[in-house]
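See structure below.
Chains as they are written, first to last, in the numbering used here: chain A, 423 to 530; chain B, 3 to 325.
In structure tokens:
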């Protein structure tokens, strides 16, 4: 299945970025497989880059949920909480949230 | 010792005399096989000559019935295309063999006509080409000399062939039209373009444009829109459309989807076989999806048209995100 990349404004709060990713998935008939700060950022840019993979029509996965914590924080507790709700980890990367670098985890 | 040396020298000379014609013969057949007589008859049988062209053009101008005009127009077009094709392939062969010999400068623009003419099979093609190109003084092209030096013959030849194919495709479509829609004067203009498309300047210009377009694409990628401001209503809209398309696929009923795609500028022929319709819908909805990510105005139209086509509830409104 084809891969595409899209940029998301990292100055937004986490919930806005979550909406943006879910919007992309539904609009493009795809799923996000990775999300992190964009590599081509200049010193002042705070863009995040989503990598999307096409999915067959009718096989759209469950919505994506984002959690964020300090870059050097311990993600174990967050992951365990999400696992209890039946979600699995999709990605675990550094990305911009409200303009600042944070550890961002994606669950589905 | 002196006699032995003379014998050896004579043997070498004799061997050279024997080998040389073979070598020349090999070189003569190296660039291409010998052209069969049926392709290029020495007596020009089957060729489209300048006399043929003049005769047909006179008949064309005096003909009144459209069927007669179309027949004559197409005869001239096909005949000249064949002549242009022959000189081009001959020219292309020489280009591969003589890349280093081409000069850059003021005579550049003449390469297309003079080189093609001088390397054709005698006067056969030269005369009809001179006839069709009479009054054409040349094409004003600006070629960066440094750019030329960086290009390979393969790239230039591919570029020329692509240019020619594009114009030939148009002409082959146009000859299906009547003589009012596509008179010979229009065909002549296309034939001139077709000829010059197979010249070195045209090939280089196309490569130059492609390089510029590629650079612009890369620049555009760097400036790609960063998605922001998506509302819950936006998410609901695209989720609804996604589900509607999936449901339509499951039921095999695409009427509403086709209406929606038509309104969004992605029409699909309803008379296509079912599998082709499904394939076309798949491509179209994905392309649209990429489009609305980058374009807020298109996004709004997408949701409005989805409501009109009843893919989503008309009560779904864009809501401001919760604060």
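The beta-carbon is built from N, C-alpha and C at its ideal position, and this holds for glycine as well.
Please read these numbers as outputs of a predicted model, since none were measured by experiment.
TODO: Indicate whether at least one CB of chain B lies closer than 8 Å to the CB of residue 517 of chain A.
DONE: no
TODO: Tell me whether the beta-carbon of residue 86 of chain B lies closer than 8 Å to the beta-carbon of residue 196 of chain B.
DONE: A contact, by the Cβ cut-off of 8 Å.
Task: Alpha-carbon to alpha-carbon, residue 94 of chain B and residue 457 of chain A - done: 50 Å
- [ ] Please work out which residues of its chain come closer than 7 Å, Cβ to Cβ, to residue 510 of chain A, disregarding the five sequence neighbours upstream and downstream, and give them in chain order.
- [x] 529, 530
Task: Proximity test, Cβ basis, 8 Å: residue 82 of chain B and chain A - done: No, residue 82 of chain B does not count as interfacial toward chain A.
Open item on the list: Considering only DSSP beta bridges, list what residue 488 of chain A is partnered with.
Closed with: Bridge partners of residue 488 of chain A: A:528.
- [ ] Would you kindly report the start and end of the unbroken beta strand (DSSP E) that includes residue 426 of chain A?
- [x] 425-431
Open item on the list: Going by C-alpha to C-alpha distance, which of B:297, B:232, B:273 sits closest to residue 437 of chain A?
Closed with: B:232
- [ ] Could you confirm whether any beta carbon from chain B is found closer than 8 Å to the beta carbon of residue 524 of chain A?
- [x] Residue contact check for residue 524 of chain A against chain B: no CB pair falls below 8 Å.
Task: From B:157, B:187, B:194, residue whose alpha carbon lies closest to that of residue 169 of chain B - done: B:194
Task: Short Cβ contact (8 Å threshold) for residue 440 of chain A with residue 488 of chain A - done: yes
TODO: Whole angstroms is fine: what's the gap from residue 426 of chain A's alpha carbon to residue 450 of chain A's?
DONE: 10 Å
Open item on the list: Please state the DSSP three-state secondary structure of residue 514 of chain A.
Closed with: strand
Open item on the list: Could you check whether residue 518 of chain A and residue 470 of chain A sit closer than 8 Å to each other, using their CB atoms as the reference points?
Closed with: yes
TODO: Using a Cβ-Cβ cut-off of 8 Å, state whether residue 230 of chain B counts as contacting chain A.
DONE: yes
Open item on the list: Please tell me whether residue 431 of chain A has its Cβ less than 8 Å away from any Cβ of chain B.
Closed with: True, the Cβ-Cβ gap to chain B drops below 8 Å.
Task: Three-way DSSP call (helix, strand, coil) for residue 94 of chain B in this model - done: helix
Task: Close-in-space but distant-in-sequence residues of the same chain around residue 143 of chain B (CB under 6 Å, 5 per side omitted) - done: Low confidence applies here, because residue 143 of chain B scores a pLDDT of 44, under 50, leaving its location unreliable; read the following figure in that light. Only 203, 207 meet the Cβ criterion.
TODO: Take residue 253 of chain B as the anchor and find which of B:276, B:188, B:303, B:84 has the nearest alpha-carbon.
DONE: B:276
TODO: Return the residues of the segment 444-469 of chain A that lie within a Cβ-Cβ distance of less than 7 Å from chain B, sorted by chain order.
DONE: 444, 445, 446, 448, 449, 450, 451, 462, 469
Task: Contacting residues, own chain, Cβ-Cβ under 8 Å from residue 477 of chain A (five flanking each side not counted) - done: 423, 451, 452, 453, 483
TODO: Give me the Cα-Cα distance between residue 55 of chain B and residue 78 of chain B, rounded to the nearest whole angstrom.
DONE: Cα to Cα, residue 55 of chain B sits roughly 6 Å from residue 78 of chain B.
Open item on the list: On the DSSP bridge list, what partners appear for residue 469 of chain A?
Closed with: A:431
Open item on the list: 8 Å is my cut-off, CB to CB: does residue 288 of chain B come that close to chain A?
Closed with: Chain A places a beta carbon closer than 8 Å to that of residue 288 of chain B, counting this residue as a contact.
TODO: Pick helix, strand or coil for residue 280 of chain B, following the three-state DSSP scheme.
DONE: helix
TODO: Would you mind sorting residue 429 of chain A into buried or exposed? The rule is 16 or more other CB atoms within 10 Å of its CB.
DONE: buried
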